[in-house]
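For the sequence shown, the working numbering assigns the number 280 to the initial residue and increments by one for each residue that follows.
Remarks on the structure that follows.
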Amino acid sequence: MWTSTLELSSRRVIPTRLLGVVWPGAYFASFAPLQVQNLPRQTLPATNWVRVRNRLAGISGSDLGLIYSAGDFRIALAALPRHQLSYPGHEVVGEVIQVGDDVQYLHVGDRVVLQSGPNCVSTGAQPLCRSCAIGNYNLCERGSSLSGPEPIGGGWSEEMLLHEQQLFRIPPAMSDEQAVLLEPSAVAVHAVLRRLPQPGENVLIIGAGTIGLLTLQVVRALVPQAIVSVMARYAYQIEQATRMGAAHILYPQDSYQSVARATGAQLYTGMFGNKMLIGGYDVIYDTVGSQQTIHDSIRWTRAGGTVVIVGISLHTMRIDPTPIWYQEIDLTGTFSHGMETWPIGTYLQRNHVRRPSKSCSITPCYPPLWYPTSEQQHVNAAPSRLQQPGLKSTGMIKKSQHGPHHLMSISFRLPSLRRQSRSR
Ligand SMILES: [Zn+2]
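Structure below.
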């Protein structure tokens, strides 16, 4: 079975990064962290594991960051052993082709999406850690101390071998193209639920890539009375954000003045171009997460407001933290997704849920893109083991032929990756 691996060891990262400065092909050379190789087909390592043949996978921004060795060895994550070798591709939809004798919830032929990596439940660790006990498997506290067989393969592989707990079954009505976007949709839901805006509040989403636009749709779906600004860089992002209901578009080159205009904040300018706002956004979702956007975010937030860091950076940063204490700003972050409880009394609980029609699934008809699934679909989408409090975030996505290049371009059919790897 062919599979992609990502080895973030110094012997691969350092030469790749050095040569990559003058030769972009270094990131795909034989010494690079990203490798594609043929492995012997392995048997299921345990009786409650399944074999999944992948159908469609996406490339996320975090995947690209790892491929291009954009990280810093000094960040905290670099000290964790489990991050040094991984199988890339977490946005993936596949089909179960083999089940172990003790698998309870999945069957051959089920289409599934990937939930998260090994955790207490998938490895049988007892008692469950605090995070796993409430369904936040991405925050499993056992981390690298988990024992038991390791998953084999990721989304960028021909097959994946996983514990059944690591997969969600998806309903037949959901296309592969919709399903492959469940993971980033869940990331967006998780981010918004970290600090749900209130009706009438001013919200800023920094970045209008896949996560940024999905975050916009989640805010619009949950709190349509919120006034949402989006900071976008490219024309197609501006077009999509506007169609999806952004009230204001901010441009990076005019950002402080734009924030002041959009929120009524007072702009002050000190020496050396130093700028600060009094007033500003109630909530900012930073889907870029760079040093610059975090620097700006905490200056653009009103006193008592919240900044949610959604975008992932693998760098150490030099940040001026003074607005955090001077304005008593809550600075928080998100990682992946978790077990969510749909907020009681939000817009979609008071109104019937809308669904995209099948005829619109690949058509130019576009906003609003994001629809929470009905309760029944939640049940269908998740294995019955999820009869626990809360619901896993799921969503249905419509795509446009002419629309979001960011959405269309992130997905690739797996056989094409195989051809690319062989042609190297
Ligand atoms: Zn755990």
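Positions of the beta carbon are idealized from the N, C-alpha and C atoms, including for glycine.
Note that the structure is a prediction, hence the values are computed from the model and not measured.
Asked: Any 3 or more C-beta pairs closer than 8 Å across the region 598-608 and the region 482-496; Found: no
Asked: beta-carbon LEU407 near ligand 1 non-hydrogen atom, thresh 7 Å; Found: yes
Asked: Nearest residue (CA-CA) to GLN405, options GLU370, SER424, ASP389; Found: SER424
Asked: Start and end residues, alpha helix (DSSP H) containing GLN536; Found: 534-542
Asked: Check: SER410 C-beta below 7 Å from any heavy atom of ligand 1; Found: yes
Asked: Proximity test, ASN398 beta-carbon vs ligand 1 heavy atom, cut-off 7 Å; Found: yes
Asked: Exposure of SER348, with buried meaning 16 or more beta-carbon neighbours within 10 Å; Found: buried
Asked: Integer Cβ distance of SER395 from ASN417, believed to fall under 8 Å; Found: 5 Å
Asked: Inter-residue Cα distance where the pair is ARG320 and MET280; Found: 5 Å
Asked: Distance between beta carbons of PRO312 and THR295, contact taken as under 8 Å; Found: 6 Å
Asked: For ILE577, the three-state DSSP class (helix, strand or coil); Found: helix
Asked: Member of LEU495, ALA458, LEU440 whose CA lies at the smallest distance from the CA of PRO503; Found: LEU495
Asked: Contact check, VAL372 vs ILE449, beta carbons under 8 Å; Found: yes
Asked: heavy atom of ligand 1 below 7 Å from ARG332 C-beta; Found: no
Asked: Cβ distance (whole Å) where VAL459 is taken to contact GLU370 below 8 Å; Found: 6 Å
Asked: Cβ-based neighbour list, CYS408, same chain, cut-off 7 Å, excluding 5 preceding and 5 following; Found: CYS399, CYS419, GLU420, ARG421
Asked: Residues near ILE563 by beta carbon distance below 6 Å, same chain, minus five either side; Found: LEU483, SER576, THR580, VAL586
Asked: Burial state of MET596, where buried means 16 or more other Cβ atoms lie within 10 Å; Found: exposed
Asked: Whole alpha helix (DSSP H) elements within the region 474-525, 4-residue minimum; Found: 489-501, 514-522
Asked: GLY617 to PRO476 span [Cα, whole Å]; Found: 19 Å
Asked: Three-state secondary structure (DSSP) of HIS469; Found: helix
Asked: Cβ-based neighbour list, GLY368, same chain, cut-off 6 Å, excluding 5 preceding and 5 following; Found: ALA336, GLY433, GLY434, TRP435
Asked: Residues bridged to MET555 (per DSSP); Found: TYR547
Asked: Candidates SER592, ILE598, THR625, of which the one nearest GLY344 by Cα; Found: SER592
Asked: Alpha-carbon to alpha-carbon, TYR384 and GLN570; Found: 44 Å
Asked: Proximity below 8 Å, CB of LEU446 to CB of GLU619; Found: no
Asked: Rounded separation between ILE338 and THR402 - CA only; Found: 27 Å
Asked: Contact test: GLU420 Cβ vs ligand 1 heavy atom, cutoff 7 Å; Found: yes
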